[in-house]
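A.B. asks: My numbering puts the first residue of the sequence shown at 248, with every later residue one more than the last. Each residue gets a CB set at the ideal place from its N, CA and C atoms; glycine is no exception.
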Amino acid sequence: WECITFVVSYLDPVQLAAHVCMLTVETTVFMCAQGISSTAAAMVGTSIGSGDAEVARLHVWAAVAWTTAVSSAVGALLWFFAGTIANALAGVAEIRGILALLIQIYGVFGIFDALQNVLAGVLRGCGKSG
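#1: In this structure, how does DSSP classify L258 when only helix, strand and coil are distinguished?
#2: Please report the residue range of the alpha helix (DSSP H) in which D360 lies.
#3: Pick from I345, Y353 and T314: whose alpha carbon is nearest that of P260?
#4: Is the distance from the Cβ of T271 to the Cβ of L336 below 8 Å?
#5: When you compare each of A320, M290 and S376 to G354 by their alpha carbons, which one comes out closest?
#6: Quick check on DSSP: helix, strand or coil for F327?
#7: On the CB-based measure, 16 or more other CB atoms within 10 Å of its CB, does M278 come out buried or exposed?
#8: Is I251 buried or exposed, if buried means 16 or more other CB atoms sit within 10 Å of its CB?
#9: Which whole-angstrom value is the C-beta distance of V365 and A287, which I expect to be below 8 Å?
Encoded structure:
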């Protein structure tokens, strides 16, 4: 993240400020996926450890379904309330405009980001981390 911020700092101070504010939004929203990922890792790992592959498979699909539902709902909230969130985080109108656009982009992209994180948790539960 520091490298990306370093690259963004060469663009413009306004864009750097919008980027830093967006990192606040992204890390806050990402906690939902991180929680589901940790839960999926524990549930899948416990099921595999007890030798019940069918229950493990059900836990995987439950994690995917919950992630899709939660991240879609959060993405919709981000999309529709991007301006309100930008107003709360930035005091300069130019920063708010860029930030609102970045929040809307993440509202869509965040669904896929959350899914990859949760599926990485599933792999950890299967013992395939590394």
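C.D. replies: Let's see:
#1: Locating residue 258 in the sequence shown gives position 11, counting from the first residue. Here L258 sits in coil by DSSP.
#2: Taking the first residue of the sequence shown as position 1, residue 360 is located at position 113. Per DSSP, D360 belongs to the alpha helix (DSSP H) from A340 to G372.
#3: As a position in the sequence shown, residue 260 is number 13, starting the count at 1. Nearest of I345, Y353 and T314 to P260, Cα basis: I345.
#4: One-based indexing of the sequence shown puts residue 271 at position 24. One-based indexing of the sequence shown puts residue 336 at position 89. Against a cut-off of 8 Å, the Cβ pair of L336 and T271 comes out as a contact.
#5: Numbered from 1 along the sequence shown, position 107 holds the residue referred to as residue 354. Closest option to G354, Cα to Cα, is A320.
#6: To locate residue 327, count along the sequence shown from 1; it is residue 80. Reduced to three states, the DSSP call for F327 is helix.
#7: Residue mapping note: residue 278 aligns to position 31 of the sequence shown, counting from 1. Exposed: under 16 other Cβ atoms inside 10 Å.
#8: The count along the sequence shown starts at 1 and reaches residue 251 at position 4. I251 is exposed by the Cβ-count criterion.
#9: For the purposes of this step, residue 365 is taken as residue 118 along the sequence shown, with counting starting at 1. For the purposes of this step, residue 287 is taken as residue 40 along the sequence shown, with counting starting at 1. Rounded, the Cβ-Cβ distance is 6 Å, consistent with contact.
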